[in-house]
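First residue of the sequence shown: 1024, per the working numbering; consecutive thereafter.
A virtual CB, placed ideally from N, CA and C, is assigned to each residue, including glycine.
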Amino acid sequence: MLQFSLHRGRNMRFLSFRILGIASSHFSTAAEPSWRHRTSLRIPNLIGGSFVDSQASESVDVMNPATQEVVSQIPLTTREEFKSAVAAAKETFPSWRNTPITTRQRIMFKLQDLIRKNMDKLALSITTEQGKTLKDAQGDVFRGLEVVEHACGMATLQMGEYVSNVSHGIDTYSIREPLGVCAGICPFNFPAMIPLWMFPVAVTCGNTFILKPSEKDPGASMILAELAMEAGLPDGVLNIVHGTHDIVNAICDDDDIRAISFVGSNTAGMHIYARAAAKGKRVQSNMGAKNHGIVMPDANVDATLNALVAAGFGAAGQRCMALSTVVFIGDSKSWEEKLVEHAKSLKVNAGTDPDADLGPVISKQAKERICNLIQSGRESGARLLLDGRNIVVPGYEKGNFVGPTILSDVTADMECYKEEIFGPVLICMQADSLDEAINLVNRNKYGNGAAIFTTSGAAARKFQTEIEAGQVGINVPIPVPLPFFSFTGSKASFAGDLNFYGKLSLSLSAHSQKPHSKISSCKFKPLKHVHDSGSPVIDKLEKTKLLNCDADGQYEATNVCSEECNKDNDDGDDDENEHCDEDKEVDVLALRRLIKAERRRANSALLELEKERMSSATAVEESMAMILRLQNEKSLIEMESRQYRRLAEEKLLYDDNVISSLQWLVERHESERAVLEDQLRLCEQKLRLFMKSNEMDEFEEMRAFIGRHVYGLFLRRRKIASHIMLYCCRAQLKLKTQRPLQRITGFLYMYNNVSPP
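In structure tokens:
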């Protein structure tokens, strides 16, 4: 996955996601989910469409990382409760897979609308439990919302393939069938985005789902489940179970679960991958990372510094695509000094502070681990350019805060480089050439993403073709793809063959069937053993009956009159038999001719019927295809209309900002105009010292003449200066000395930021 940008640098705050219609004032109070009883902090499981209180005796506290207050509790779900959730998902699967895909899409359309309306509730839940700033929490929800929008086009994404006449009369086609019960195991760092990366695509494919949120911040998953049920998701399609490693192992071992998605650490990811794969499950494990950014000497300074600070310290560095390592080509001293200045300007505070750039890390254990890795780097010889370990936020003295930290002169053998720090720590390294920097990145065991900052097309092309990373950015610090592509980690950052969202995600939650079909035309065999009983030929034809189609797909005709003729012969005498023989000689030839003619007409009629049947089937298929195509086009049009509406809202907001800026400029120039008029009066007073009375009269006339033509242009400072200079040049002809004039004109040019000619 390659992404690049030609934009110049921006302030870190503008790099954060901004969702229209959501301001900090909306987060003044917390909206409680409907299932949360005020008498108990314990969060229930979601099983078969009902929020069920767990009977488990043990629970885990969910803490606010900024205040250390207990927000809620999650139960350590029992084995029986977990089995009930899987059974509910398994029981619901047959009816859900047979639900029309257009119905499943409409539920996703409704879900994305509900997520937008409840963005403030989700963001506040994330900030309260996880600690990230409200701006980062909004971005968390918004990136997950994009996957829901992507799932709204599942009818197009799930289309199969068709080839006719692969052999004589045989057609082959493939169709995507849902697997059954799928499961997702979520991390703490993106409580809304990762669940939305998992279950919307899976359930829209026709699967049912078991979701295990992180035990550190389950609130967002519970809100999303409520919204999914409100959108129309049937009972049992989405189930939620809480717990720790015991539930994870149960998910890996359960025979009814067909596929597992995981995001988290390498230790847990490899355990889940090995244990679940041994059970024959499809598994994707998205794990740790050590993402590098190479800075070329020709890189745009402001843009690069803003990108490094935003990508390194955003979300307190707790993301698998954080840019945690910077490799400077050549001299790095000037870069490091400016980088420290930018990092010092970041504000560390509780996530609910609208001006906060960094919130706390998730737990005290995480803070201790981050500080130990910083100290390890310092003891190994790295220079600590900026130390954020001892930061204290007023009012939140118990919070798990770590400020922006920068380590320089780090080498590849240091523990702080080899291990994923997962905190607001930026490591600086040096390389003499681009080749050396690329080799350094490729030797690292992780491979989620890498970026280069340069204005050289040749350097960018070399980096793109030689770097070993799943996602590559050129002047883009965090190259996370949008949902119509797939998230493609590599090396130790990913285990499995099937990635998140995009086309590859369908291979995880659906399997392909390839039916073969053969349609043969039906034909009549020649008639055998036709006898005549002496009845008229037309009567014999009426008694002829058609039997069922035989194994070869052909019809066989017999005549019931033969038995009747034989019975008559048995009861009669020889004369009658002779008479019957004479009749046979006469009627058999005519009967055969009539039968041949009728057979030809019957065959022709059957061929016509077969053609009509085929054309009718084709018409039905075309009609169904047209209906699906129109429904898909309607879905796309609705998505485009929402996008245009969102763009229009953004444009209106931008226009409001521009109008406000112009109003401020007008007010500023009005004040400057008054200053100019005062200065002009001073100029007149000084000029009167060098002019006679008649010359002053001419001066006044000239001033009035100029005023009539240029007074309206006083808001344009450069034009004002040019007209005043015109007047001064004319007045200069009447003066005996040029010194006062030079002082006046020099002042006017200096005031207007224009150098004198």
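- Taking residue 1328 as the centre and dropping the five residues before and after it, the same chain places the C-beta of 1032, 1361, 1362 and 1365 closer than 7 Å to its C-beta, in chain order.
- In this structure, residue 1369 and residue 1380 form a Cβ contact; the two beta carbons are roughly 4 Å apart against a cut-off of 8 Å.
- Under the criterion of beta carbons closer than 8 Å, residue 1405 and residue 1432 qualify as touching, at roughly 5 Å.
- In terms of Cβ geometry, residue 1464 and residue 1490 form a close pair [threshold 8 Å].
- Between residue 1134 and the set 1253, 1675 and 1372, the nearest pair of CA atoms involves 1253.
- Residue 1357 is not bridged by DSSP to any residue.
- Rounded to whole angstroms, the Cβ separation of residue 1448 and residue 1340 is 6 Å, and the two are in contact under 8 Å.
- Linking residue 1696 to residue 1322 through their CA atoms gives a straight-line distance of about 42 Å.
- Straight-line spacing of the CA atoms in residue 1680 and residue 1162 works out to 22 Å.
- When secondary structure is reduced to three states using DSSP, residue 1098 falls in the strand class.
- Under DSSP, residue 1332 shares a beta bridge with no residue.
- The beta carbon of residue 1184 sits closer than 6 Å to those of 1197, all from its chain and outside the five residues before and after it, given in chain order.
- For residue 1195, the three-state secondary structure derived from DSSP is strand.
- Inclusion of residue 1246 and residue 1168 in the CB contact set at 8 Å is not warranted, their separation being larger than that value.
- Here the region 1077–1090 lies against the region 1232–1252, with 3 or more beta-carbon pairs under 8 Å apart.
- Residue 1652 has its alpha-carbon roughly 15 Å from the corresponding atom of residue 1642.
- Residue 1687 is classed as exposed because its beta carbon has fewer than 16 other beta carbons within 10 Å across all chains shown.
- DSSP places residue 1271 in the uninterrupted alpha helix (DSSP H) bounded by 1268–1276.
- Here residue 1121 is exposed, its C-beta having fewer than 16 other C-beta atoms within 10 Å.
- For residue 1485, the enclosing alpha helix (DSSP H) covers residues 1480–1489.
- Using a 10 angstroms sphere on the CB of residue 1127, the tally of other CB atoms reaches 16 or more, which defines it as buried.
- Beyond the five residues adjoining it in sequence on each side, residue 1261 comes within less than 8 Å, by CB distance, of 1069, 1222, 1226, 1231, 1232, 1234, 1248, 1251 and 1252 in the same chain, given in chain order.
- Here residue 1199 is buried, its C-beta having at least 16 other C-beta atoms within 10 Å.
- Under the DSSP assignment, residue 1296 falls in the alpha helix (DSSP H) whose first and last residues are 1289–1300.
- The alpha carbon of residue 1277 has as its nearest neighbour, out of 1190, 1191 and 1112, the alpha carbon of 1112.
- Here residue 1163 is not bridged, per DSSP, to any residue.
- Note that the C-beta distance between residue 1343 and residue 1471 is below 8 Å.
- If you draw a straight line from the Cα of residue 1208 to the Cα of residue 1132, it comes to about 25 Å.
- As computed with DSSP, residue 1457 is found in no beta bridge at all.
- The region 1476–1486 makes no contact with the region 1371–1386; the number of CB pairs closer than 8 Å stays below 3.
- In this structure, the alpha-carbon of residue 1288 lies about 43 Å from that of residue 1195.
- When beta bridges are read from the DSSP output, residue 1470 appears opposite 1513.
- The bridge partners DSSP lists for residue 1309 are 1286 and 1517.
- Membership of residue 1153 in the alpha helix (DSSP H) is indicated by the continuous run 1142–1153.
- A check of alpha carbon separations from residue 1420 across 1073, 1088, 1077 and 1078 identifies 1088 as the nearest.
- The DSSP-derived three-state label of residue 1115 is helix.
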